[in-house]
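Scroll down for the structure; my scribbles are underneath it.
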Amino acid sequence: DLGEPAQKVKAGSLDVHPTEKALVVQYEVEAAVLGETGDHMLGERKEGQKIIRVKSLSPSTDVVALARKVVEECKLIPPSRLPEVEQLLYYLQNRKPSPAQGKVERKEKRVVKPRELTPFEGMELNAEASITGIDDYVELLYEGIPEKIRGSALILQLARNPDNLEELLHNETALGALARVLREDWKQSVELATIIIYIFFCFSSFSQFHGVVSHYKIGALCMNVVEHEVKRHDVWREELHKKSKSEPENGSLRRDQEKALRKYHDLLAKQEQLLRVSLYLLLNLAEDTRTELKMRNKNIVGLLVKVLERDDEELLVLVVSFLKKLSIFLENKNDMAEVDTVEQLARLIPCDHEDLLNLTLRLLLNLSFDSGLRAKMVEVGLLPKLTALFGNVNVRHIALCILYHISVDDRFKAIFAYTDCIPQLMQMLYGHGEEKIDDELISICINLAANKRNAQLMCEGNGLKMLMKRALKMKDCLMMKIIRNISQHDGPTKPLFIDYVGDLAAQISAEEEEEFVLECLGTLANLTIPDLDWELVLKEYNLVPFLKDRLKPGSAEDDLILEVVIMIGTVSMDDACAIMLAKSGIIPAIIELLNAQQEDDEFVCQIVYVFYQMVFHQATRDVIIKDTQAPAYLIDLMHDKNTEIRKVCDNTLDIIAEYDEEWGKKIQSEKFRFHNNQWLEMVESRQADEAEQYLYDDNRTDLFYSAGTHCRTHTHTNTHTLTLTSSRSNFILCPDSSSLLFGTSQIPQPIPSIDMVVFSIAQALPVDCFIFIDRLST
Numbered sequence: 001d002l003g004e005p006a007q008k009v010k011a012g013s014l015d016v017h018p019t020e021k022a023l024v025v026q027y028e029v030e031a032a033v034l035g036e037t038g039d040h041m042l043g044e045r046k047e048g049q050k051i052i053r054v055k056s057l058s059p060s061t062d063v064v065a066l067a068r069k070v071v072e073e074c075k076l077i078p079p080s081r082l083p084e085v086e087q088l089l090y091y092l093q094n095r096k097p098s099p100a101q102g103k104v105e106r107k108e109k110r111v112v113k114p115r116e117l118t119p120f121e122g123m124e125l126n127a128e129a130s131i132t133g134i135d136d137y138v139e140l141l142y143e144g145i146p147e148k149i150r151g152s153a154l155i156l157q158l159a160r161n162p163d164n165l166e167e168l169l170h171n172e173t174a175l176g177a178l179a180r181v182l183r184e185d186w187k188q189s190v191e192l193a194t195i196i197i198y199i200f201f202c203f204s205s206f207s208q209f210h211g212v213v214s215h216y217k218i219g220a221l222c223m224n225v226v227e228h229e230v231k232r233h234d235v236w237r238e239e240l241h242k243k244s245k246s247e248p249e250n251g252s253l254r255r256d257q258e259k260a261l262r263k264y265h266d267l268l269a270k271q272e273q274l275l276r277v278s279l280y281l282l283l284n285l286a287e288d289t290r291t292e293l294k295m296r297n298k299n300i301v302g303l304l305v306k307v308l309e310r311d312d313e314e315l316l317v318l319v320v321s322f323l324k325k326l327s328i329f330l331e332n333k334n335d336m337a338e339v340d341t342v343e344q345l346a347r348l349i350p351c352d353h354e355d356l357l358n359l360t361l362r363l364l365l366n367l368s369f370d371s372g373l374r375a376k377m378v379e380v381g382l383l384p385k386l387t388a389l390f391g392n393v394n395v396r397h398i399a400l401c402i403l404y405h406i407s408v409d410d411r412f413k414a415i416f417a418y419t420d421c422i423p424q425l426m427q428m429l430y431g432h433g434e435e436k437i438d439d440e441l442i443s444i445c446i447n448l449a450a451n452k453r454n455a456q457l458m459c460e461g462n463g464l465k466m467l468m469k470r471a472l473k474m475k476d477c478l479m480m481k482i483i484r485n486i487s488q489h490d491g492p493t494k495p496l497f498i499d500y501v502g503d504l505a506a507q508i509s510a511e512e513e514e515e516f517v518l519e520c521l522g523t524l525a526n527l528t529i530p531d532l533d534w535e536l537v538l539k540e541y542n543l544v545p546f547l548k549d550r551l552k553p554g555s556a557e558d559d560l561i562l563e564v565v566i567m568i569g570t571v572s573m574d575d576a577c578a579i580m581l582a583k584s585g586i587i588p589a590i591i592e593l594l595n596a597q598q599e600d601d602e603f604v605c606q607i608v609y610v611f612y613q614m615v616f617h618q619a620t621r622d623v624i625i626k627d628t629q630a631p632a633y634l635i636d637l638m639h640d641k642n643t644e645i646r647k648v649c650d651n652t653l654d655i656i657a658e659y660d661e662e663w664g665k666k667i668q669s670e671k672f673r674f675h676n677n678q679w680l681e682m683v684e685s686r687q688a689d690e691a692e693q694y695l696y697d698d699n700r701t702d703l704f705y706s707a708g709t710h711c712r713t714h715t716h717t718n719t720h721t722l723t724l725t726s727s728r729s730n731f732i733l734c735p736d737s738s739s740l741l742f743g744t745s746q747i748p749q750p751i752p753s754i755d756m757v758v759f760s761i762a763q764a765l766p767v768d769c770f771i772f773i774d775r776l777s778t
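If you read the sequence shown in full-length UniProt numbering, its first letter stands for residue 1, the second for the next number, and so on.
Given below as structure tokens:
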């Protein structure tokens, strides 16, 4: 008979780890089976490697004491090699970390690992596993479920030590057996499935081992496990709900209910361990976007959102982390929009678990880039919840970022007025003193100030005074943007600016920073206050030369030039200012700017508005009509594609026509030609071809009564209306209308037989009549 096996461990080389703060010990295990007489019967040698990490090593560490401790605790290093250990530790202590090493360390910090598994019956975690006994553990995998649990638990102990993974990787027998057992028995034992998946999770924690996990299709198995367990949980809850609905009539039934509830919680605890380790493994594998795409095709998003219904915080941290990673891809974000992701996340805010709260907010931040999901966040009541987080300095920044995204949407600006958000935002602004304000904080205030009610809340108390004080003192452009947005609203906020007109006007000079001048000028341009003496402001701060100089194309950025035009439009409402501007020669400069910016609708619209304001005052009206070609430009713009430009042009031209007879005729003629352009072109064409058949005497009265045609005229004050009726069509000619519809259908081309009839009538009518022709079905 053979005797007992004997093992001998022989230490080899000793060196430092290439990237980590660690020593690497090479060793050799010699296993021999001795006979009864002590002779060698069988023998086997295996080489191994042990990594001794010394993360506590720092410049102030006592290397001698640390070396002594390493030798005492590591049996592979004999005491005789203590000086060598000291030398290696000195080297590690003084070695400068390389950039690559820094990246590795940062990456390791991001590696997430599942919480320690709770021991359960049969797991026997107290047993000491040895790498040399791996074959015995594999043998247990061919026995019953309890033995399989024991064998896999012992292998798990080995796998949890990263030093053993390399050797386990090359043991295809062990990995193949584990994969087979998982594939065949995972439904029979939650404990067994949990342990085996945990073993493969240990491999998945390192990118270089992902290949072996994929080779055995563990990822696909985990997807099946998660889907199955989610469905099982739904069944459990349904059964529990049915039992809780029926009121127990006696103590026995009540005890049965309590027993069922305890059983449910026990099953739930084990199931959540299985889900946690399965999802961690999938999260690690999702580093590869191709693998992640396969998961998406198997509805990973839907499964994760279902798991969000759980209460286990460790599991929720994992699920939210996974969803956060997935959310950076558009397709995954769209999947989240189709299920109740936002509703489930809203349930987690607020919570006492700091990591869970932080991750939930970061996921919501990713989702808040989608307008539909922003609307859902508002719908489920996240605004007041996010506002309540301002007091938590750890998550305040993320909450502000989410609220900023919501504030971008005009639909939701007004809702902020019904929360405690604006007073808290203002308090945070005041609290910064002269320190730089966070961009997110000031940006959300800029957006919210664009709403009238929000602007009023910002001005409550000394709100406007505090904003103005900081903006002017620090020359803060972003703070001035808030003030500018507030100034655009009519109502109780606008008169508050009268006290600050001088302060704002004093900032408008060539010496100040252009961006700051732009905001101050924009604020002043918004102050359409009747009681404001603009003439005094322009004179006291000598603004006219500045405004005139900035009207020159290329003299400044277009944004500043545009604000100058708007400012001129604002002050032009004052008669005295209009006279001052006319004398300064600003009007020709505006026309020159119009020529240069004729392709920019915003510029054109604002310049035309300046003309509209100026034609109300005789001094500027005379200059515009007699000394410039502005009316001609306005006539050209009367038919512009932009509706607003056409509207302002029409109003301006109407005023010009009222005060100047000659331009009035030109304007009326142009309007007539525009509205009847197609018909006039056709008439002129026929006149050239068939002139002789249209030569009628002006006194031919039978013209209107022949061929079944009747004529009816109506005369009112300043109105001439002529209706022609034939057996085929109706025509109506009337003045002072931009469009005329008579009946239900409008056909632009009139009946050829009476074309010249209508044209003759048009010539016979007074000049101030506009003629519009519509063909109407009889």
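Built from N, CA and C at the ideal position, the CB exists for glycine as well.
CA-to-CA distance, residue 440 to residue 397, given in whole angstroms
Spanning the two alpha carbons is a distance of roughly 8 Å.
Between residue 631 and residue 657, what straight-line distance do the alpha-carbon atoms span, to the nearest angstrom?
Using only the alpha carbons, I get a separation of about 10 Å.
Give a yes or no on whether the C-beta atoms belonging to residue 351 and residue 345 are separated by under 8 Å.
Against a cut-off of 8 Å, the Cβ pair of residue 345 and residue 351 comes out as no contact.
Roughly how many angstroms separate the alpha carbons of residue 719 and residue 540, rounded to a whole number?
Legend: pLDDT at residue 719 = 37, less than 50; position of this residue unreliable, value from coordinates given subsequently. Take the alpha-carbon of residue 719 and the one of residue 540: they are about 51 Å apart.
Write down the C-beta distance between residue 782 and residue 57 rounded to the nearest angstrom, noting that I regard them as a contact closer than 8 Å.
Nothing about residue 782 can be read from this structure; the chain reaches only from 1 to 778.
Nearest CA to the CA of residue 374: which residue from 410, 47, 648?
Closest by alpha carbon: 410.
Name the residue from 60, 77, 75 whose alpha carbon lies nearest to the alpha carbon of residue 93.
Minimum Cα distance to residue 93 is reached at 60.
Count the other CB atoms within 10 Å of the CB of residue 91; is the residue buried (16 or more) or exposed (fewer)?
So residue 91 counts as exposed.
Taking 8 Å as the threshold (C-beta atoms), are residue 181 and residue 196 in contact?
Yes. Within cutoff.
Go through its chain and collect everything with a Cβ distance to residue 555's Cβ below 8 Å, but skip five positions before and after it.
Counting only Cβ-Cβ distances below 8 Å, and skipping sequence neighbours, we find 549, 561.
For residue 641, name the three-state secondary structure that DSSP assigns.
Three-state result, residue 641: coil.
Measuring straight from C-alpha to C-alpha, what distance separates residue 544 and residue 469?
Answer to the nearest angstrom: the Cα atoms are 26 Å apart.
Give the straight-line distance between the Cα atoms of residue 311 and residue 222, rounded to the nearest whole angstrom.
For residue 311 and residue 222, the distance between alpha carbons rounds to 21 Å.
Kindly indicate which residue of 132, 424, 146 has the alpha-carbon position closest to the one of residue 174.
Restricting attention to 132, 424, 146, the CA atom closest to the CA of residue 174 is found in 132.
Tell me which residue opens and which closes the alpha helix (DSSP H) that residue 341 is part of.
Per DSSP, residue 341 belongs to the alpha helix (DSSP H) from 341-346.
Rounded to a whole number of angstroms, what is the C-alpha to C-alpha distance between residue 478 and residue 435?
So the two alpha carbons sit approximately 14 Å from each other.
Are residue 307 and residue 285 closer than 8 Å when you measure CB to CB?
Not in contact: residue 307 and residue 285 (Cβ atoms no closer than 8 Å).
For residue 568, which option in 576, 547, 552 has the closest C-alpha, if you only look at C-alpha atoms?
Residue 568 has its Cα closest to that of 547, out of 576, 547, 552.
Determine whether the Cβ of residue 159 lies closer than 8 Å to any Cβ atom of chain B.
Given the protein chain composition of this structure (a single chain), no chain B is represented.
Residue 508 beta carbon less than 8 Å from that of residue 520:
Yes, the pair counts as a contact, with Cβ atoms nearer than the cut-off.
Residue interval of the alpha helix (DSSP H) (run including residue 397):
Per DSSP, residue 397 belongs to the alpha helix (DSSP H) from 396-408.
Looking only at C-alpha atoms, which of 473, 535, 534, 495 sits nearest to residue 512?
Closest by alpha carbon: 473.
Residue 176 lies in the alpha helix (DSSP H); which residues open and close that run?
Its alpha helix (DSSP H) spans residues 172-185.
Leaving out five residues before and five after residue 355 in sequence, what residues of the same chain have Cβ atoms less than 8 Å from its Cβ?
Spatial neighbours of residue 355 in its own chain (CB-CB distance under 8 Å, excluding positions within 5 residues in sequence) are listed in chain order as 317.
Applying the 10 Å Cβ sphere with the 16-neighbour rule, what's the burial state of residue 369?
Taking a 10 Å sphere around the C-beta of residue 369, we find fewer than 16 other C-beta atoms and assign the residue as exposed.
8 Å CB neighbourhood of residue 515 in its chain, flanking five on each side removed
Once the five neighbours on either side are set aside, the close Cβ partners of residue 515 are 477.
So, with DSSP's three-state summary, where would you put residue 531?
Three-state result, residue 531: coil.
Any alpha helix (DSSP H) of 4 or more consecutive residues that is wholly inside the stretch 296-335
Entirely contained in the stretch 296-335, the alpha helix (DSSP H) runs reaching 4 residues are, in chain order, 300-307, 313-326.
CA-to-CA distance, residue 80 to residue 96, given in whole angstroms:
Going from the Cα of residue 96 to the Cα of residue 80 covers about 29 Å.
So, with DSSP's three-state summary, where would you put residue 743?
Legend: pLDDT at residue 743 = 35, less than 50; position of this residue unreliable, no value from coordinates given.
Cα-Cα separation between residue 17 and residue 51, rounded to whole angstroms:
Each residue's Cα considered, the two are about 8 Å apart.
Pick from 454, 48, 506, 490: whose alpha carbon is nearest that of residue 482?
Nearest in C-alpha terms to residue 482, of all of 454, 48, 506, 490, is 454.
Per the contact definition of three or more C-beta pairs closer than 8 Å, is the stretch 577-589 in contact with the stretch 614-623?
Between the stretch 614-623 and the stretch 577-589, the count of C-beta pairs closer than 8 Å reaches three or more; the two stretches touch.
Helix, strand or coil for residue 54 per DSSP?
Residue 54: coil per DSSP, three-state reduction.
Would you mind giving the Cβ-Cβ distance between residue 466 and residue 486, rounded to the nearest angstrom? I have them listed as a contact below 8 Å.
The Cβ separation is near 12 Å, so there is no contact.
Going by C-alpha to C-alpha distance, which of 20, 492, 559, 82 sits closest to residue 522?
Closest by alpha carbon: 559.
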